[in-house]
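For reference, the structure discussed in these notes is given below.
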Amino acid sequence: MDDSTQKALFGSWVQATGTVLSAVGSTPSSVLDDEQLESLNLWGNVLQATGNALLADTEETFTLNKVGNIIQSIGNSTVLSGLLIPFSEQTKEQLDIQGNWLQAVGGGVSFVDALGNPPTTDQLLNVYGNLLQAIGNSLQAISGILELKGSDQTRLNVTGSWIQAIGSILSFLSQLSVTTSSEE
């Protein structure tokens, strides 16, 4: 396994781990307090941004997938700025919405790239993974917009978070399949 393949597998694993942590952090809990949930969401977004940046770095040429991963990393960084910088609650929510829209766009760009590949099992996992990530991020952004208008949209946000997490796990399984088949 060459260095680029290892980096892609690691980046995909880091990104998937981050989306799961973020989904847990977005899910109301009777076990974890709000500070712990926010910390999980923060570190989840850090891992997502890092994983997407690593994935983008493995692409040597300009591809839609490279652009998609860059956009997703920027989206996570936007969410992080709202979590880390002491802005007003409205500004924090707007940054979260914008970051989720950016992630959805990035996932959509990667989805389009994946559609152009031959329909192997690993490519189908990648197609569905990117599609679910884009849908999940869109639901999160919509829930943020509705929250700004005064509606409690916790369920929609949680649903979007977990859909995104499932999508990132499918994308990781796709990368794992590619890596395993290239070793044979």
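Using the numbering used here, the first residue of the sequence shown is number 16, and each one after it goes up by one.
By construction, the Cβ of each residue, glycine as well, lies at the ideal position given by its N, Cα and C atoms.
Quick one: residues in its chain with C-beta nearer than 6 Å to the C-beta of V120, no 5 flanking neighbours on either side, listed in chain order?
I86
Sorted by chain position, which residues of the same chain lie with C-beta nearer than 6 Å to L95's C-beta, five sequence neighbours on each side aside?
N60
Can you tell me whether N132 is buried or exposed, with buried defined as 16 or more other CB within 10 angstroms of its CB?
exposed
Can you say whether D48 is buried or exposed, counting buried as having 16 or more other CB atoms within 10 angstroms of its CB?
exposed
Is the beta carbon of I112 less than 7 Å from the beta carbon of G159?
yes
Give me the Cα-Cα distance between W116 and W58, rounded to the nearest whole angstrom.
19 Å
Check whether the stretch 161-175 and the stretch 134-144 touch, using three or more Cβ-Cβ pairs below 8 Å as the test.
no
Classify I100 as buried or exposed, calling it buried when 16 or more other Cβ atoms lie within 10 Å of its own Cβ.
exposed
Within 10 angstroms of the Cβ of D17, are there 16 or more other Cβ atoms? Answer buried if so, exposed if not.
exposed
Sequence-distant residues of its chain with Cβ nearer than 6 Å to V35 (five each side left out)
A180
Do G122 and A149 count as a contact pair if the criterion is CB distance below 7 Å?
yes
Straight-line CA distance for G33 to L147?
15 Å
Span of the alpha helix (DSSP H) around K107
E104 to L130
Could you tell me the distance, in whole angstroms, from the CA atom of D128 to the CA atom of L55?
31 Å
Compute every distance between the C-beta of I89 and the non-hydrogen atoms of the ligand GTP, then say whether any falls below 6 Å.
In terms of ligand content, the structure shown is empty, and the ligand GTP therefore cannot be addressed.
Could you check where the alpha helix (DSSP H) with F187 kicks off and where it finishes?
T169 to E198
Where do the ends of the alpha helix (DSSP H) carrying V46 lie?
Where V46 is concerned, there is no enclosing alpha helix (DSSP H), given that its DSSP letter is neither H nor E.
With C-beta atoms as the reference, is L154 less than 7 Å away from G175?
yes
C-alpha gap between T195 and E104, whole angstroms
45 Å
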